[in-house]
Amino acid sequence: MVRHGQISHGRVRSAERERSLVSFMLFVFIFILLILAAVSISSQIDAALRRVEKAECEIWRARAVLHPDFYLLDYEADQCREVGVPMPGIPVRE
Numbered sequence: 001m002v003r004h005g006q007i008s009h010g011r012v013r014s015a016e017r018e019r020s021l022v023s024f025m026l027f028v029f030i031f032i033l034l035i036l037a038a039v040s041i042s043s044q045i046d047a048a049l050r051r052v053e054k055a056e057c058e059i060w061r062a063r064a065v066l067h068p069d070f071y072l073l074d075y076e077a078d079q080c081r082e083v084g085v086p087m088p089g090i091p092v093r094e
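Each residue of the sequence shown is one higher than the one before, counting from 1 in the UniProt record's numbering.
Listed below in structure tokens is the structure:
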């Protein structure tokens with residue numbers, strides 16, 4: 001028999017289970033937030049790198065107009081092709 005002011009062992013265990021469930025749910029929530037943050041940061045970095053690569057190609061295209069002996073290396077031509085910057089008439093060397 002439970003007296004006034006006392007908590008039965010069943011209620012204590014139930015409260016402990018509820019507390020551990022809340023802790024687990026909080027852990028899962030934080031874990032999911034961290035994964036979403038990592039994915040978001042990764043996509044932002046990827047977009048920033050693509051903008052930098054595109055800007056490099058624009059600089060190379062401008063140099064080719066100013067300097068008739070300008071040429072691209074094969075990896076530079078691949079980079080410009082990948083980011084969608086056309087480089088017509090600019091020679092490519094290895």
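Where is the CB? At the ideal position from N, CA and C, for every residue including glycine.
- Residues Val83 of the same chain have their beta carbon placed closer than 8 Å to that of Arg50, with the five preceding and five following residues left out of the count.
- Sequence-distant partners of Ala77 (beyond 5 residues in either direction) whose C-beta falls short of 6 Å from its own C-beta, in its chain, are Val92.
- Under the three-state reduction of DSSP, Val92 is assigned to strand.
- When the five nearest sequence neighbours on each side are left out, the beta carbons in the same chain lying within less than 8 Å of the beta carbon of Lys54 are those of Val83, Gly84 and Val85, in order along the chain.
- In this model, Arg61 and Ala37 are separated by some 36 Å (Cα to Cα).
- If you draw a straight line from the Cα of Ile30 to the Cα of Ser23, it is about 11 Å long.
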